[in-house]
Structures are given as structure tokens and as C-alpha cells.
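**Student:**
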Amino acid sequence: MTGAPHSSVKRYRELARNPPQNGLERELLLDGLHLLREARKSGLTVESAAFEQDVFTEPSVRELADQLAADGADVLIVSRKTLASMSPVKTPAGVVGIARRSLGSLDDVLGQRNALVLVAHDVQDPGNVGGIVRTAEAAGATAFIATPSSADPLGWKALRGSMGSALRLPMARAEMTDTLAALRRLGITTAALVPRGGDPLFAADFTKPSALIVGGEGSGLPADILRQVDRTLSIPMAGAVESLNVGVAAALVLYEAFRQRS
């Protein structure tokens, strides 16, 4: 279809400004060809896709549009100005889409064999959340859990940061008290990352079912959470450096777990 009805444009704008964060079934705003391809490849339902006219001339783009239309998606060919009003970014890539995916319950995402779970508490930067999700998938994590005080892992900024990992990795959004209770019930060892004073990271055993908990960019994890975990871990640091970026710290812990499990 050439052009976009006002209702379609409005739907994209609403998802960019006020994405719904409640409920297990979610609408995702996808910006860029890569995310749209990854959504289809991951088996998600793509409900709508809009292509800028100039971008649509590329054979690979037309092929994707045809595939999406055959899947039942509403495919729109729009002007650059219209696409800019539908995209959440200042410099659009020429393609946007809307897909659906479901978050899991805690029991759903924690039930995998020899679980390796990353829990993000109060990580408020969407780029950090997306990057952590991407690293978690790459390092073999079985699930990602974000508490409500963390940025939405399915928001468009986090989706861009995850480069598609948030479309695939089993994921839940739950209060920390509920998460810790579920982890204990399932016999999954909990380890919280702290800047100083924890057990040395490289002495930890991640070969058994494990949950790695990271805290926010500024304050880290509160004392009431640290009192409830099985152990605290610290990354060795030289010099006067007090802490690492939460994404870097999560990557180091995840890849130590990956190394031990390989």
C-alpha cells in the first residue's frame, strides 16, 4: 500500500512516546531493517511495516516487504517525511515496523536446564539494558529478568541496543522479591555483583544453575537485596577505579560463566 492512513502513523507515534509496559503480550516498535528481519526470523508476528520510498527500491528490501505481506503484515510505502514522523529516532533508517512478542512468567523463563539467568535491578538506561541483553544471549544465558525499576527491555531504545537479542532471549519482568523467591524455590544459586568487598569473581563456581544480579548505574544494589542473595561477587580492579559500567561488569561475569560452562 502506498501512503499511510492517519491511524497507522498515530499508532507508531504512540508506541514511540508511550510504549505500554504492562502485560505479558507486548507491541514492539522496530526501527531499522535489521530488527525487522530479526523479528521475522525469530518467528514473531510482524503486524505492520513501513518503508520509505527510496529504500523500497532496493531488491532485498522489496523481497522482505513481499515476505511480510505474505505473512499477513500491513505493508506501507511512505514518503521520507511520513517515515520520519513514524520513526522514534532523529535520523531514520528508512524502515519501521510493529511486532508482537510475549514476556514469560518467572516459572516459564527459569525452568530451563542448568539455568544461567541475568537479573537487572534499577538499570535505568535503555542502552545499557539492551547491551546487557545482547551480551547475555551471546554468553549463553538462558533468561533475562528486569525489575520494574529498570528500563523496559522491549522499549525501542533497548531493542536497538540488543541488536535483536531481546526478540529471542527468554525474558520476564518481575519484582525483585518475587524473583528471589522463585530462584530459591527452584534451587538456583544467586550471586550479586558489588564494586568492593565481595568474593573474587574468578573464584566463583557458575557450572551449576546460577542467577547473576546487577544493580543500577549509580547506586548499585540496595542492602536489603544483598542480604537475601547466596553470595556477593566483586571484579578485581587495579588503581583508584571504584567501579565499572554496569554493562561492562555484566559482560565480565557472564563470560566467566560462559568460560566455565564451555
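Mapping the sequence shown onto the working numbering, position 101 (from 1) lands on 101, and the numbers just tick up by one. Glycine is no exception: its CB is placed at the ideal position from the N, C-alpha and C atoms.
Measuring alpha carbon to alpha carbon, tell me which of L29, S105, S210 ends up nearest L167.
**Tutor:** For L167, the nearest C-alpha among the options comes from L29.
**Student:** Mark S292 as exposed unless 16 or more other C-beta atoms lie within 10 angstroms of its C-beta, in which case mark it buried.
**Tutor:** The chain is shown only over 1 to 262; residue 292 falls outside these bounds and no answer can be derived.
**Student:** According to DSSP, I188 sits in a beta bridge with which residue or residues?
**Tutor:** Answer by DSSP bridge pairing: none, since I188 is not bridged.
**Student:** V119: which of S48, V133, L15, D230 sits nearest, CA to CA?
**Tutor:** Ranking S48, V133, L15, D230 by Cα distance to V119 puts V133 first.
**Student:** Could you tell me how far apart the beta carbons of E137 and S105 are, in whole angstroms, since I believe they sit closer than 8 Å?
**Tutor:** Rounded, the Cβ-Cβ distance is 20 Å, inconsistent with contact.
**Student:** Does the separation of the CB atoms of A251 and T135 fall below 7 Å?
**Tutor:** Yes, Cβ-Cβ distance for A251 and T135 is below 7 Å.
**Student:** Can you tell me the Cβ-Cβ gap for V95 and V55, rounded? I've got them flagged as a contact below 8 Å.
**Tutor:** With 8 Å as the limit, V95 and V55 qualify as a contact, their Cβ atoms being about 6 Å apart.
**Student:** Whole angstroms are fine: how far does the CA of L36 sit from the CA of A49?
**Tutor:** Approximately 8 Å, taken between the alpha carbons.
**Student:** Could you give the C-beta distance for D199 and L233, rounded to a whole number, given that I count them as a contact under 8 Å?
**Tutor:** About 6 Å separates the two Cβ atoms, so the contact holds.
**Student:** For L183 and K10, what's the separation of their Cα atoms in angstroms?
**Tutor:** Spanning the two alpha carbons is a distance of roughly 41 Å.
**Student:** Which whole-angstrom value describes the C-beta separation of L116 and G140, a residue pair presumed to lie in contact below a C-beta threshold of 8 Å?
**Tutor:** The pair is a contact, with the Cβ atoms about 6 Å apart (cut-off 8 Å).
**Student:** Which one of T91, G32, G215, A203 has the shortest CA to CA distance from P269?
**Tutor:** Absent from the structure is residue 269, since the part of the chain shown begins at 1 and ends at 262.
**Student:** Could you tell me whether the Cβ atoms of M176 and T147 are closer together than 7 Å?
**Tutor:** It is a contact, given that the beta carbons lie within the stated cut-off.
**Student:** Figure out for me which residue from L83, R227, L154 has the closest Cα to the Cα of E100.
**Tutor:** One detail in the question is off: residue 100 reads as Arg in this sequence, not Glu. Checked all of L83, R227, L154; the closest Cα to R100 is L154.
**Student:** A192 to I98, Cα distance in whole Å?
**Tutor:** The straight-line gap from Cα to Cα measures roughly 35 Å.
**Student:** Out of G32, A238, I213, E14, point me to the one whose CA is closest to V129's CA.
**Tutor:** Here the closest residue by C-alpha is I213.
**Student:** Between the Cα of D205 and those of R227, G247, L254, spot the shortest distance and give me the residue it belongs to.
**Tutor:** Cα-wise, what sits closest to D205 is L254.
**Student:** Locate the beta strand (DSSP E) running through E47, then write down its first and last residues.
**Tutor:** Segment 45-52, the beta strand (DSSP E) holding E47.
**Student:** Would you mind stating whether V123 and V246 have Cβ atoms separated by less than 7 Å?
**Tutor:** Contact: yes.
**Student:** When DSSP labels each residue in this structure, what does V194 get in the three-state scheme?
**Tutor:** Correct three-state label for V194: coil.
**Student:** Buried or exposed: where does R113 fall if 16 or more other Cβ atoms within 10 Å of its Cβ makes it buried?
**Tutor:** Result: exposed.
**Student:** Of all the options R173, Q67, A158, A181, which has the alpha carbon lying nearest to the alpha carbon of A144?
**Tutor:** For clarity, residue 144 is Phe in the given sequence; the question names Ala instead. The option with the nearest alpha carbon to F144 is R173.
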